[in-house]
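Report on the following structure.
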Amino acid sequence: MMLPVKVGKRGRSYFPEARIVRGPRVMGETADNSFEALLGYAWLGMLDRTQGLRLFQARKTAPSSEPWPIGSTEEAQWVEVTIPPIPHPVKEVRHLALCFDQAARHVVAYERQGEVWIRQWNPITGTFTMRGPFPGVDPVLLWDFEVGYFLPDSDVLLVHLSPDRTHVIMRVQRELYATSHVLQTFPSPAYLDQAVALPYQGQILGSLEDSPNVTGLVLRTDPYPVRGEDDIGNAALAAPTQGALIPVVVIYDGGLDALGQAVLSAPNQGALVPVVAVLNLGLDALGNATLTPPTSGAYQLVVVVQDLGADALGTATLSAPTSGAYQLVVVVVDLTQPQYLPLGYENLGSAILAAPTAGSYGP
Numbered sequence: 002m003m004l005p006v007k008v009g010k011r012g013r014s015y016f017p018e019a020r021i022v023r024g025p026r027v028m029g030e031t032a033d034n035s036f037e038a039l040l041g042y043a044w045l046g047m048l049d050r051t052q053g054l055r056l057f058q059a060r061k062t063a064p065s066s067e068p069w070p071i072g073s074t075e076e077a078q079w080v081e082v083t084i085p086p087i088p089h090p091v092k093e094v095r096h097l098a099l100c101f102d103q104a105a106r107h108v109v110a111y112e113r114q115g116e117v118w119i120r121q122w123n124p125i126t127g128t129f130t131m132r133g134p135f136p137g138v139d140p141v142l143l144w145d146f147e148v149g150y151f152l153p154d155s156d157v158l159l160v161h162l163s164p165d166r167t168h169v170i171m172r173v174q175r176e177l178y179a180t181s182h183v184l185q186t187f188p189s190p191a192y193l194d195q196a197v198a199l200p201y202q203g204q205i206l207g208s209l210e211d212s213p214n215v216t217g218l219v220l221r222t223d224p225y226p227v228r229g230e231d232d233i234g235n236a237a238l239a240a241p242t243q244g245a246l247i248p249v250v251v252i253y254d255g256g257l258d259a260l261g262q263a264v265l266s267a268p269n270q271g272a273l274v275p276v277v278a279v280l281n282l283g284l285d286a287l288g289n290a291t292l293t294p295p296t297s298g299a300y301q302l303v304v305v306v307q308d309l310g311a312d313a314l315g316t317a318t319l320s321a322p323t324s325g326a327y328q329l330v331v332v333v334v335d336l337t338q339p340q341y342l343p344l345g346y347e348n349l350g351s352a353i354l355a356a357p358t359a360g361s362y363g364p
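Numbering follows this note's numbering, with no gaps: position 23 of the sequence shown is 24.
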């Protein structure tokens, strides 16, 4: 199939205004919210010289014409999917960017007269909404679910250059792209070409203006956390043993199963030693949990947050710091769940808190 793709200008060279990206099986249907359902299929966005923005999905050849999963050995063809037109003439638009988002809807961005526009799905109105314009050129898009593989914390990243092409700027969907975050500054102008999803790391590729045919611009995000999806039998964390600032944060979401036991050995010295443990057990119970806080330091902070969902806590023991200029211990148990209401009819199994024995400030 021959398509009249618009050609964009890049310095002294040219490029086709077309983008192939991962997307959902059916636009607008999140299915089971898995990676395969949301990003397991191939989509093509392009600027047609006469018809403007067009969107295609790779589908198996007749007679089935089912969506073609990425990696399949079956033959496929591009089938057009009808979408609303963009509000600007195609002659004024350049540097098309495309991705999909949490709603399994396409997100499109482009440059027009030195400004960046972006269109996203608005679930409240049930229509597509334009955001911008923002001063800038060369927009690229990346949904970082393709990078971190964790849907609840994912976001659409819009990256573009400043109008003078010397600053790399990022905007995010959860902020409605309104806030500009400067990622990098260059001594000379540059071009942005594409956003690439690597395992647990995003990458922006481009070139410097004085070497346009060399990929001299490579920016990578910080590594995304690797999240396990299986149950934890035993978990142990040995925190740093020294340092002026030693924050320790433990987050555990047990889903529908239980944590056997967890042991946290906190730092034993340091000027500032905050320890935070967050445990969300979903629908099951915790057998036992023990936290030994720091034994010395000018400031020891221990926070334990327990959300039991629909079940009860068996026992919990917390030994507070025994010395220090400032000891603060906070224990939060969510008793608003049905098993605790109305208050007084059901009880917490047992909880023991040994308060600080010394200190100038020790609540």
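Note that the Cβ used here is the ideal one computed from N, Cα and C, for glycine as well.
This structure is a prediction, so every number in the text was calculated from the model and none was measured.
Got a sec? Which residues, its chain only, sit under 6 Å from residue i by beta carbon, not counting five neighbours each side?
{"i": "residue 22", "result": "44, 99, 100"}
{"i": "residue 24", "result": "42, 44, 101"}
{"i": "residue 343", "result": "Confidence is the limiting factor: at residue 343 the pLDDT is only 45, short of 50, which leaves the residue's position unreliable, though a coordinate-based value still follows. Excluding sequence neighbours, residue 343 sits near nothing in its chain."}
{"i": "residue 67", "result": "61"}
{"i": "residue 198", "result": "147, 148"}
{"i": "residue 182", "result": "171"}
{"i": "residue 16", "result": "9"}
{"i": "residue 7", "result": "18, 48, 50"}
{"i": "residue 157", "result": "102, 108, 144, 174"}
Between which two residues does the alpha helix (DSSP H) harbouring residue i extend?
{"i": "residue 39", "result": "36-40"}
{"i": "residue 146", "result": "146-149"}
Taking the continuous beta strand (DSSP E) assigned at residue i, which residues delimit it?
{"i": "residue 391", "result": "The structure shown has nothing for residue 391, since the chain only spans 2 to 364."}
{"i": "residue 207", "result": "202-209"}
{"i": "residue 95", "result": "95-101"}
{"i": "residue 10", "result": "8-11"}
{"i": "residue 160", "result": "157-162"}
{"i": "residue 368", "result": "A question about residue 368 goes unanswered here, because the residues of the chain that appear run from 2 up to 364."}
{"i": "residue 220", "result": "218-221"}
{"i": "residue 186", "result": "182-186"}
{"i": "residue 67", "result": "Run containing residue 67: none; DSSP gives neither H nor E here."}
{"i": "residue 81", "result": "77-82"}
Report the option in the options whose CA atom is closest to the CA atom of residue i.
{"i": "residue 5", "options": "13, 12, 18", "result": "18"}
{"i": "residue 117", "options": "137, 130, 128, 105", "result": "137"}
{"i": "residue 128", "options": "135, 120, 75", "result": "120"}
{"i": "residue 204", "options": "78, 131, 223", "result": "223"}
{"i": "residue 104", "options": "37, 31, 72, 194", "result": "31"}
{"i": "residue 141", "options": "149, 126, 172", "result": "172"}
{"i": "residue 160", "options": "57, 75, 180", "result": "180"}
{"i": "residue 48", "options": "36, 91, 193", "result": "91"}
{"i": "residue 227", "options": "39, 36, 58, 150", "result": "150"}
{"i": "residue 130", "options": "107, 145, 139, 115", "result": "107"}
{"i": "residue 135", "options": "113, 125, 123", "result": "113"}
{"i": "residue 111", "options": "26, 162, 28", "result": "162"}
{"i": "residue 20", "options": "69, 78, 175, 57", "result": "57"}
{"i": "residue 72", "options": "84, 59, 143", "result": "59"}
{"i": "residue 192", "options": "211, 175, 177", "result": "211"}
{"i": "residue 145", "options": "53, 38, 200, 123", "result": "200"}
{"i": "residue 83", "options": "29, 157, 89", "result": "29"}
{"i": "residue 53", "options": "86, 37, 27", "result": "86"}
{"i": "residue 368", "options": "26, 164, 40, 115", "result": "The structure shown has nothing for residue 368, since the chain only spans 2 to 364."}
Name the one or two DSSP bridge partners that residue i has.
{"i": "residue 123", "result": "128"}
{"i": "residue 47", "result": "19, 55"}
{"i": "residue 175", "result": "Paired residue(s): none; residue 175 is not in a bridge."}
{"i": "residue 87", "result": "According to DSSP, which records beta bridges pairwise, residue 87 is partnered with nothing at all."}
{"i": "residue 199", "result": "202"}
{"i": "residue 136", "result": "116"}
{"i": "residue 14", "result": "11"}
{"i": "residue 192", "result": "208"}
{"i": "residue 60", "result": "68, 78"}
{"i": "residue 141", "result": "160"}
{"i": "residue 215", "result": "Beta-bridge pairing links residue 215 to no other residue."}
{"i": "residue 169", "result": "162, 185"}
Report the CB separation of residue i from residue j in whole angstroms; it is logged as a contact under 8 Å.
{"i": "residue 208", "j": "residue 220", "result": "In fact, because the Cβ distance is near 12 Å, the residues do not count as touching under 8 Å."}
{"i": "residue 55", "j": "residue 81", "result": "6 Å"}
{"i": "residue 96", "j": "residue 9", "result": "6 Å"}
{"i": "residue 63", "j": "residue 69", "result": "The Cβ separation is near 12 Å, so there is no contact."}
{"i": "residue 166", "j": "residue 190", "result": "4 Å"}
{"i": "residue 229", "j": "residue 164", "result": "Wrong, their Cβ atoms sit about 44 Å apart, outside the cutoff."}
Leaving out five residues on either side along the sequence, give the residues of the same chain with a beta carbon under 7 Å from the beta carbon of residue i.
{"i": "residue 216", "result": "206, 208"}
{"i": "residue 202", "result": "148, 221, 222, 224, 225"}
{"i": "residue 14", "result": "213"}
{"i": "residue 51", "result": "5"}
{"i": "residue 186", "result": "167, 168"}
{"i": "residue 132", "result": "119, 121, 177, 178"}
So, at 8 Å on beta carbons, what are the nonlocal neighbours of residue i in its own chain, with the 5 sequence-adjacent residues on each side left out?
{"i": "residue 153", "result": "none"}
Shorter than 7 Å from the beta carbon of residue i to some beta carbon of chain B?
{"i": "residue 219", "result": "Structure shown: chain B not included; a single protein chain is present."}
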